[in-house]
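This report refers to the structure that appears directly beneath it.
6 protein chains.
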Amino acid sequence: MRQEDRNNSTSQLPAYLGIPTFMRCPESREFKGVDAAIMGLPFDSGATSYRTGARLGPRAIREASLLLWGYNRSFGIAPLDVLEVVDYGDVVVEPVSLQETEKLIYSEAGSVLSAGVKLISLGGDHSVTLPLLRAHREVFGPVGIVHFDAHVDTENDRVDHGTIFRHAAEEGLIDRKAWVQVGARGPVSYAEEVEDARELGARVFGMDECEDIGTSEVTRLIHETLGSQLVYVSLDIDVVDPAYAPGTGTPEVGGMTSREILKMVRGLRGLNMVGFDVVEVSPSYDHAGITSILAANLVFEFLSLLALGSPG
Amino acid sequence: MRQEDRNNSTSQLPAYLGIPTFMRCPESREFKGVDAAIMGLPFDSGATSYRTGARLGPRAIREASLLLWGYNRSFGIAPLDVLEVVDYGDVVVEPVSLQETEKLIYSEAGSVLSAGVKLISLGGDHSVTLPLLRAHREVFGPVGIVHFDAHVDTENDRVDHGTIFRHAAEEGLIDRKAWVQVGARGPVSYAEEVEDARELGARVFGMDECEDIGTSEVTRLIHETLGSQLVYVSLDIDVVDPAYAPGTGTPEVGGMTSREILKMVRGLRGLNMVGFDVVEVSPSYDHAGITSILAANLVFEFLSLLALGSPG
Amino acid sequence: MRQEDRNNSTSQLPAYLGIPTFMRCPESREFKGVDAAIMGLPFDSGATSYRTGARLGPRAIREASLLLWGYNRSFGIAPLDVLEVVDYGDVVVEPVSLQETEKLIYSEAGSVLSAGVKLISLGGDHSVTLPLLRAHREVFGPVGIVHFDAHVDTENDRVDHGTIFRHAAEEGLIDRKAWVQVGARGPVSYAEEVEDARELGARVFGMDECEDIGTSEVTRLIHETLGSQLVYVSLDIDVVDPAYAPGTGTPEVGGMTSREILKMVRGLRGLNMVGFDVVEVSPSYDHAGITSILAANLVFEFLSLLALGSPG
Amino acid sequence: MRQEDRNNSTSQLPAYLGIPTFMRCPESREFKGVDAAIMGLPFDSGATSYRTGARLGPRAIREASLLLWGYNRSFGIAPLDVLEVVDYGDVVVEPVSLQETEKLIYSEAGSVLSAGVKLISLGGDHSVTLPLLRAHREVFGPVGIVHFDAHVDTENDRVDHGTIFRHAAEEGLIDRKAWVQVGARGPVSYAEEVEDARELGARVFGMDECEDIGTSEVTRLIHETLGSQLVYVSLDIDVVDPAYAPGTGTPEVGGMTSREILKMVRGLRGLNMVGFDVVEVSPSYDHAGITSILAANLVFEFLSLLALGSPG
Amino acid sequence: MRQEDRNNSTSQLPAYLGIPTFMRCPESREFKGVDAAIMGLPFDSGATSYRTGARLGPRAIREASLLLWGYNRSFGIAPLDVLEVVDYGDVVVEPVSLQETEKLIYSEAGSVLSAGVKLISLGGDHSVTLPLLRAHREVFGPVGIVHFDAHVDTENDRVDHGTIFRHAAEEGLIDRKAWVQVGARGPVSYAEEVEDARELGARVFGMDECEDIGTSEVTRLIHETLGSQLVYVSLDIDVVDPAYAPGTGTPEVGGMTSREILKMVRGLRGLNMVGFDVVEVSPSYDHAGITSILAANLVFEFLSLLALGSPG
Amino acid sequence: MRQEDRNNSTSQLPAYLGIPTFMRCPESREFKGVDAAIMGLPFDSGATSYRTGARLGPRAIREASLLLWGYNRSFGIAPLDVLEVVDYGDVVVEPVSLQETEKLIYSEAGSVLSAGVKLISLGGDHSVTLPLLRAHREVFGPVGIVHFDAHVDTENDRVDHGTIFRHAAEEGLIDRKAWVQVGARGPVSYAEEVEDARELGARVFGMDECEDIGTSEVTRLIHETLGSQLVYVSLDIDVVDPAYAPGTGTPEVGGMTSREILKMVRGLRGLNMVGFDVVEVSPSYDHAGITSILAANLVFEFLSLLALGSPG
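What follows is the structure in structure tokens.
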């Protein structure tokens, strides 16, 4: 877009102004001609480890998204010029029942995906990813996984925000040969926790390994592992250090910087990505919105990755 | 609405959910059949006394409005069942120029009013009221004023958020015989400040007088003063004590409680009200949103007052 | 206790010091010789209206309780000199399932009560009160209710933090002729909400009525209504105005002051009280701990009321 | 000051601007022609009960004082037009030693008072008042006391922020027949705490009594008690409820409103006041500066009271 | 200064004490013998992109400067021993008019510079830099520019905090061959934004390039570009990541660390620097003052750079 | 511990639940069979440089410790499976007297150490380390020191939180040939400050040197310097950058990241460590508890280091 055109663009509105849909995309559940939808999942009753509040994550990320001015210099692309994107709004989740919520998410995500629309979901705690994966499996079959997180989330048999990938693996939602976990660190519940995740199929790049071999090498290994498989990207904001993302439910020190996570997400370019989520943004523990702003930027990178892969 | 019907009502959605237009009214600038519009004025460059930040007031009030469950027990009315209300969104104000902003507000407010739609405006600092009054005068002629504020806002000749009523009076926007100021208090700039306001025409009920004669008597005197004149109600949230409304630009101790301001606003019932604003909500100084929640409730009372006066 | 004795008392420790059990009572689940137990219920997945975070309420109230220096001048009694009190610790609630949590609370509360120990429970959101009432019914039969709250909590048929008293009434946990609701206010979901509560049996003193007839008269009417019935007192901290209690999940403006709620709770003296709770303290929205400090003081009043009624 | 003169007055500068001495008074330790000095006492190592941080009180109160526009409408006086006031700056207290700090305060306060300059001191915790009273006794002999506080501060024999008035009484700094304590409330350490204070000489008006007989009657009784004695006024900001003054070290619920404390302080008019302090403002627990703003307003009332009593 | 001398130095005062001029330099507008002045520009009505509040930046930076103990070990110099520095105080800006404010800043900065005094200015939003550059051009002719910022600030033709360098270039204030921009990143408004800046003359080292070639190499290239030209350094605090500088108006993730910016600023040693500013510190979004403390440290480095270049 | 066993382990409780002793270790002062004790030292009257509040550090670190799930993957060890650890609770320090507090700490630490129990102490400000070192000298003789801190803490002859290592050296508590200081940076009070520390014996690795030679090399040099000497590790949380640890009394920009400090502490493995402390955590300046969480993790690493060195 040339400078003379910009003045008429809604993307030129200042961030303090207007009603915050994601990047001012229209709020709509009509999918004709739509490439991607932003869907909010304001559920936090799956947060079994420490703090709640992630139900207000979708709203905070939408507000922060108004700071995104539209053109991604790293990729040389303005994703909203390439893709038709709508803001789906929020699924009316059921706080008192994880099971009921799973059904609601599964059903609504399914209806979006079956219309041929890609989904970028905003959590909510990480338990929302399990029904999202079920919905993706319906359409795409078992998918490869890139999972950014401070925790492997395969802890035990219970269903909650810390165990979803165990269940996803056991339910056959994941192509276990194309499963990468990045950023695990911190004290764990028992000695074999990471080994158990590996046994389930995950290739785990803990934070220490990321630091030792470098994020570029990890990126190369992700591509090696995922190959051309269809890929779902799930990003728990706690993969980032609490200095950069204080607004989250289970903060874990020793995490990535904002530059590292941005670089790693951009490094996914070339994978065959079909779905995305950003979860565990908990605004009541944020300050100055820095966690939400980072999350919104990561969604912007997801949109850009989708746009790059589209005929656009 | 009977209980069985409520479950299908969007007003039943929990406050944490969804994209926050005011009380989930549709965002629209189509006025056919519309009774009232909520308009955001995210401008704070007129804040000449202390803190800025009121530009984020409209967004915060909208978010807080999702807590308003729709039925006003004090009045026995559900205003959104009676009135067609839209959320106009925000005027694209011009931060670097008060004058340019005045023109923009005047023009857009005018287009709403001339469509026969009543306006409830969300500030922004108090300087936004001057162009609003100009727009109301166009349609209604000089109006009576009920002005709730810790400050008389007639300080001097400059144009800013502390002088608007002097200008409004001098420009003939106000029916000076029907002008009430409620809640003035605190140190003032010079001895005759309140006397000057009175000389301009305002009947001033300072906070001390409200306490001495009681808010019920003040309410009676407001009615006596305003009579059947068309009335514009301008409410600077700093009329309330900082304990109840910390999120404001010029906090003044010794103010009203939330119960007092709610009661006084409800006490306006019976006046011939044609316009409303709530200004000076500054979210970066708020905590737990208590100022925004109070402001949203006051807008809800304004809507109820409108509804009571409508054929509904 | 004479001054010379105070120096050896743990109640003389400054509030910043030590591991916070409630008022430094021993953490114990041994009930021999124990009169009352403080029990934490860190559950907030029943919070269906707005903000979560009440799971951290019990911890915050315990910390604030260290400011309570032990002697209640209003009653002329040091409750911990009269009663043997233990801090039970927290029930290991199940965030992903309200139903499972209800069972856990019911079971553990029951084991305390059946040992002849009175319970003062710290929420958690208000959904915890339903299993508490079930446990009290087991021991005491249907009880009278004094319910302080901004909301009547009888909204509909779903089970969550806003409907518990409907269920309690329908399950026969409440002596419907001895049921008082105090402090209701704010917008409601439908016209008949309060009437429905009254139809169920509650005598509702809304905030407006409290202001009109005065809290002393309301207190008199509470005694009139409850008589000598066994009474359970449930206090949702949002009965207090957000200025005094910002740290709560569904803040409602226009509420009581701290002096009013203290006075009303002290006014319960003489009732035959057998159980208590304070719920909906949500620390991530609090500031300077003022909500928790108020809640801790209210628990202190509950302890004092118990002590006054004990042979001591 | 007429309106035309105001524009040249520094008191017309907006609050966000400039280096904050108290009300923009000159920072000076020259006392020729000076009527009163504002002195900061940034000491908080005497805070033995709960939270520290009051050492940053003087700075916060100075900043908040820039909101004071100079003319006191309640009294019809602009104190800075009547009095020559300087900002003395802070005493270089010694955090690691209460005793050393007492000497430093005593010495510097003494040098101000012996120059015929009245002192208004900004705490710091309440332990600073003891050396201030020693310095005042040197010049004025034993003084009458008006002590606003949630606590009687006569608890025991130790020297700290909770015992100063016991020591002041025992050292003969106080005219025990002219000693009033206002606002005591909350749990106390032992049954006779208030009786002990009364035995020492204090006429105690607890918060309950203030509410029962009314603040006007308390004011009358203060005048009756103090008569024409020289009076020192010590105001612990925790006399106010935490809703109005969260930024303090030992918050006590059930306190005064801002209107009540302002009215009571104004009610001291006519007493023969010779010294003042405001203590226990702890900014790291404040929000939006509301505690500091209230404290600054109370200092403004003190200045006004001094001005009313001056030949001016 | 030897240890024995330190005890008499005001720089030995603890940070919590005293009235905060910058590093306790005298507040003065007398320039005889003065080498440098710190000037506050509390203006934020040019903040057109997101959050206001930078008007309180100068005050917050001054307070944070009290933590600066005077000796710069990196350079082996105590700048205040070498330079005579005064704190000019704040320019009385005009919030309602950017144009009027530009004139005021231009005039006052000019009077300082024409007295042979170097200026270090504290913003305020970035719009203040345009009149500062005009004033510097008067004295020094077109200057070289080192511009640290997350944004290139050449967006379009409007005058505000995001376009100042376009105007500066077009007005001939800048030596376009000696213009370096460091730290640009994040989504931009249109594809050619950075190219446009380059076309205007700026050598842009975006954050990605800084990371790729390393800050040492960027520093080398800055020296290569600037050579011996007179240089003005403008530092928008948002060049730093929000983790390190949350208190700013337009936070941009993926920025520098505090170590990187300190190193880069120290790396300017040897350039012929004649003017400096730090802008966009917005205290109401800061926490624990970490943004202000970083800004104060950067000013300290500027003072050190000045001192190194002075005959001292 | 195998997965099947974990469900019965208290370490499996979620962090939001229960009364916070350190990692749910029993609160006890019985030392039979005990390997290590966690001791709180809630003292902050030695904080002479800027902000107080560290007295609430021990409580905040204990609460944050509930996030520590027990197994240290970096070391392959679950320290609480290897060591018997108790939470000693807090020493009843004396805020108004540093000297009295020193005696209390010395005495209680001595009684723990003489029972053969290792101590990990939680500050409080850094002045608490001096009596801790005295107590360790009694049992172990002069010890080697690894001191992580932004400041060398040897400033002058006064006794406070900024001078303790000067006194420790002069009292013979330190083996001066085995003394390492890591992380010094920022403006200092006088030119020779670091040289003076070196003259006293400290091998100082300032932050600049850490960056230049790398933390791995610094770690090698630490081992070289300390050799097989008994070592006391004192960690002032301000060694970390304020972005990662805002909650501290004297924040210093340009510090370590959380990953660097974790790596350096883990790098101490192999030293003959006998005592540890973490000091200067000041919760009222923290946000989202990120400073406390980091401090708790560092204590967890200390426990792991102790466990590795134990027969287990």
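Order-wise, the sequence lines are chains E, R, U, X, B and A. Read in order, the letters of the first sequence are residues 98 to 409 in my numbering. Read in order, the letters of the second sequence are residues 98 to 409 in my numbering. Read in order, the letters of the third sequence are residues 98 to 409 in my numbering. Read in order, the letters of the fourth sequence are residues 98 to 409 in my numbering. Read in order, the letters of the fifth sequence are residues 98 to 409 in my numbering. Read in order, the letters of the sixth sequence are residues 98 to 409 in my numbering. For every residue, glycine included, the Cβ atom is placed at its ideal position computed from N, Cα and C. Predicted model, so just to flag it, every value in this text is computed and none were measured.
Asked, Found
"Presumed contact (8 angstroms Cβ cut-off) between X:GLU349 and X:ARG282, rounded CB distance", "6 angstroms"
"Closest by C-alpha distance to X:ASN169, when choosing among X:ALA161, X:VAL179 and X:VAL315", "X:VAL179"
"Cα-Cα separation between A:ALA288 and B:SER171, rounded to whole angstroms", "11 angstroms"
"Neighbour list for E:ARG159 in chain R, Cβ cutoff strictly below 8 angstroms", "ILE116"
"Opposing strand residues paired with B:GLU124 [DSSP bridges]", "B:ASP184"
"Straight-line Cα distance separating R:LEU201 from R:PRO255", "Per the sequence shown, the amino acid found at residue 255 of chain R is Arg instead of Pro. Cα-Cα distance, rounded: 20 angstroms."
"Proximal chain E residues relative to A:ARG356, where beta-carbon distance stays under 7 angstroms", "GLU308 and GLY351"
"Limits of the unbroken beta strand (DSSP E) element including E:VAL190", "Careful: E:VAL190 lies outside any beta strand (DSSP E) and carries neither H nor E."
"For B:VAL131 and B:ALA247, believed in contact at Cβ under 8 angstroms, the rounded distance", "Their Cβ separation, rounded to whole angstroms, is 34 angstroms, which puts B:ALA247 and B:VAL131 out of contact at 8 angstroms."
"Of the listed residues X:GLU199, X:LEU403, X:PHE399 and X:GLN109, nearest to R:GLU252 (C-alpha basis)", "X:GLN109"
"Three-way DSSP call (helix, strand, coil) for U:GLY150 in this model", "coil"
"Option nearest X:LEU395 by Cα separation, candidates X:ALA385, X:PRO380 and X:LEU365", "X:LEU365"
"Residues bridged to U:THR345 [DSSP beta-bridge criterion]", "U:VAL378"
"Anticipated Cβ contact below 8 angstroms, U:THR145 with E:PRO192, distance rounded", "5 angstroms"
"8 angstroms Cβ cutoff met for A:VAL378 and A:ALA392", "yes"
"Three or more C-beta pairs below 8 angstroms linking the segment 373-388 of chain A and the segment 152-169 of chain A", "yes"
"E:THR271 - partner residues in DSSP beta bridges", "Note on identity: in this sequence residue 271 of chain E is Ile, with Thr being the wrong assignment. E:VAL240, per the DSSP bridge assignment."
"DSSP bridge partner residues for B:PHE140 (one or two, in chain order)", "In the DSSP output, where bridge partners are listed per residue, B:PHE140 has none listed."
"Distance, A:PHE245 Cα to A:VAL301 Cα", "10 angstroms"
"Selection of the segment 181-193 of chain A by Cβ proximity to chain U, strictly under 9 angstroms", "ASP184, GLY186, ASP187, VAL188, VAL189, VAL190 and PRO192"
"Test item: CB-CB of A:GLY137 and A:LEU219 under 8 angstroms", "yes"
"Separation of B:SER286 from E:ARG103, as counted between CA atoms", "In this predicted model, E:ARG103 has a pLDDT of only 37, less than 50, meaning its place in the structure is not dependable; the value taken from the coordinates is given anyway. Using only the alpha carbons, I get a separation of about 8 angstroms."
"Residue burial classification, B:PRO343 (beta-carbon count within 10 angstroms, cutoff 16)", "buried"
"Three-way DSSP call (helix, strand, coil) for E:GLY207 in this model", "helix"
"Proximity test, Cβ basis, 8 angstroms: X:GLY344 and chain U", "yes"
"CB contact flag (X:LEU227, X:GLU199, <8 angstroms)", "yes"
"CA-to-CA distance, E:VAL375 to E:ILE334, given in whole angstroms", "7 angstroms"
"Which residues DSSP lists as bridging B:SER194, in chain order", "R:SER194"
"Environment of E:LYS129 [buried if 16+ CB atoms lie within 10 Å]", "exposed"
"The segment 264-275 of chain A in contact with the segment 319-327 of chain B per 3-pair CB rule at 8 angstroms", "no"
"Cβ shell of B:ALA232 (< 7 angstroms), same chain only, five flanking positions each side left out", "TYR203, ALA206, GLY207 and LEU210"
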